[in-house]
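Enquirer:
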Amino acid sequence: MICPHCESSLLLKERPDRTCGKCGRRYALDPKTNPLKLNDLRVRRVTLRLTRDGEVPCTPGQLWYALTRKTLGNPGDELGCAFGLVVFGVVGGFAALGAHSAALGVVCVLLLLAAGVFVVVGYRQRGRPKVSREEFRGGLLEEWRTVYGSLPPGMVDDGRYPRPAPGADGPVLVCPDTSVAVFLDAAGLPARYGLTLVADPAHARPAPVLFVLHDADAHGLLLAHRVRAAHPGRRVVDLGLPLATMRRLSRAVPVRDASPGAEVMEPLARSGEFPPDQLKWLGKGWGFPLIAVPPAGLLAVVTRAVDKAAAATDPQRRRAAATGFLTWPGEAG
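Its first residue numbered 471, the sequence shown is counted upward by one per residue in this note's numbering.
1) Skipping 5 residues on each side, what residues in its chain have a beta carbon closer than 6 Å to that of L499?
2) What does the alpha-carbon distance come out to for the pair A717 and C493?
3) Sorted by chain position, which residues of the same chain lie with C-beta nearer than 7 Å to E733's C-beta, five sequence neighbours on each side aside?
4) Please classify R675 as buried or exposed, where buried requires at least 16 other C-beta atoms within 10 Å of its C-beta.
5) Using 8 Å as the threshold, is the stretch 519-539 in touch with the stretch 595-612, meaning 3 or more CB pairs across them?
6) Does the stretch 692-712 come close enough to the stretch 658-666 to have 3 or more Cβ pairs within less than 8 Å?
7) Keeping to the same chain, check which residues put their C-beta closer than 6 Å to that of G690; ignore five residues upstream and five downstream.
8) Are L709 and Q748 closer than 8 Å when you measure CB to CB?
9) Specify the secondary structure class of R466 as computed by DSSP and reduced to three states.
10) For a test of the three-state rule: what should DSSP assign to A686, helix, strand or coil?
11) CB L822 to CB A688, shorter than 8 Å?
12) Which residue's Cα is closest to the Cα of H475: A672, R496, D777 and T773?
13) Is V772 closer than 8 Å to L667 when the C-beta atoms are compared?
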C-alpha cells in the first residue's frame with residue numbers, strides 16, 4: 471500500500487501496527503486488516519468526490535454506502551473459495567479414477583459439496599454489507615478519529631438527529647434516516663427555508679406542506695401513506711426515493727435487510743402502486759437506501775421541491791418556479 475503521509479510504497483512487513491516504516495507516522499486503515507480493504511487515501515478520494523471538493527457536506531452514512539456499494543452485489547470471497555474447491559475436486563476426481571482410489575474419490579466429492587455450500591452462502595450474502603453502518607461509524611471511523619483527531623474533511627457527524635430550529639414556521643420534512651437529516655441540516659436547508667426535520671410523522675407540527683423523504687424499501691415506501699393518515703387534510707409531497715427509477719439506475723446497488731412482515735406488505739399490495747414483481751422483490755427485504763443518492767444530487771432534489779412549495783405561497787416567486795419540474799438524477803430524458 472501507499473503511505474498516506476510520505477506516499478512511499480510499503481510492503482506488509484514495512485508497516486507494523488499501521489505505522490509507516492519510511493516516515494514513522496501512523497495511519498488509520500490498512501487494507502489487510504479491515505473487511506472493506508480500505509486505506510486512508512481511498513477514503514480521502516471518495517470523501518472528496520461526495521463533497522464535490524468541499525462544496526457540500528457529507529455524513530458517515532453516505533460515506534459508508536459509497537465505500538460498500540461494490541461489495542453489496544458481489545458474493546466475493548465465498549465464490550473464490552468455491553472456485554478453488556471445484557478445481558481441486560475435479561482434478562482430484564480424475565486422479566482418483568486413474569488410481570482407482572475410492573478414498574480419494576470420497577475426498578473429491580466432499581470438496582465439490584463444500585464448493586456448493588460456499589456458492590449458496592455467497593449468493594445469500596448478496597446485498598448484505600460486510601460492515602454495517604454502525605460498525606463503520608464505531609469501528610473504522612473511530613480509528614480514523616484516533617489517528618487524525620477528527621472525521622475526514624467535509625464530513626459532519628451523524629450520531630444524533632438534528633434538533634429543530636426554534637420558531638421554524640416553514641414546511642416539515644419527514645425523514646427517518648438520521649444521516650440524511652444531518653446532511654440536509656448541515657447543508658443549511660432548515661435555516662434557509664424555516665424547514666423542520668422530523669424522523670417520525672407523529673412528531674410533525676401542523677404545516678401547510680409535509681415532505682416525505684425515505685428509502686426505496688417496503689418500510690420507506692409505506693411512509694408517505696402513514697404521513698397522510700397521520701395528517702389528514704394536509705398536502706403531502708412524496709419526494710422518494712422512487713423505486714422504479716432506482717431500479718433503472720446502473721450505479722444504484724440495492725441493500726438487503728430482514729424481510730418485512732404482513733403489516734407492511736399487505737398495505738403496499740392494497741395501494742395498487744407496485745406490480746407483483748416489485749412486491750416480491752420488496753418482500754424479500756431488498757431496497758435502496760436514501761444514502762445511495764450522491765449528496766449533491768439529493769440536495770438539489772430537496773431544494774427544488776421546497777422552492778416550488780415556497781413559490782406556491784409567494785406570488786412573486788411563481789414565475790421563477792414555472793420552468794422545470796422535480797426529477798431524480800437519471801430520471802429525466
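No residue lacks a Cβ here, since even glycine has one placed at the ideal position from N, Cα and C.
Expert: Short version:
1) Leaving aside the five residues that flank L499 on each side, the residues in its chain whose CB is nearer than 6 Å to its CB run, in chain order, L508, N509 and D510.
2) The residue you asked about is not Ala; residue 717 is Arg in the sequence shown. It is roughly 47 Å from the alpha-carbon of R717 to the alpha-carbon of C493.
3) Contacts found: none.
4) Under this definition R675 is an exposed residue.
5) Pairwise C-beta distances place the stretch 519-539 in contact with the stretch 595-612, as three or more of them are shorter than 8 Å.
6) The stretch 692-712 is not in contact with the stretch 658-666.
7) In chain order, H684 place their CB closer than 6 Å to the CB of G690, counting only its own chain and leaving out the 5 sequence neighbours on each side.
8) With contacts defined as CB atoms closer than 8 Å, L709 and Q748 fail to qualify as a contacting pair.
9) An answer regarding residue 466 cannot be provided, because it is not within the stretch 471 to 803 covered by the chain.
10) Secondary structure at A686: strand, using DSSP grouped into helix, strand and coil.
11) This structure gives no information on residue 822, because the portion of the chain shown stretches from 471 to 803.
12) Of the candidates A672, R496, D777 and T773, the one whose C-alpha sits nearest the C-alpha of H475 is R496.
13) Going by C-beta atoms, L667 is not nearer than 8 Å to V772.
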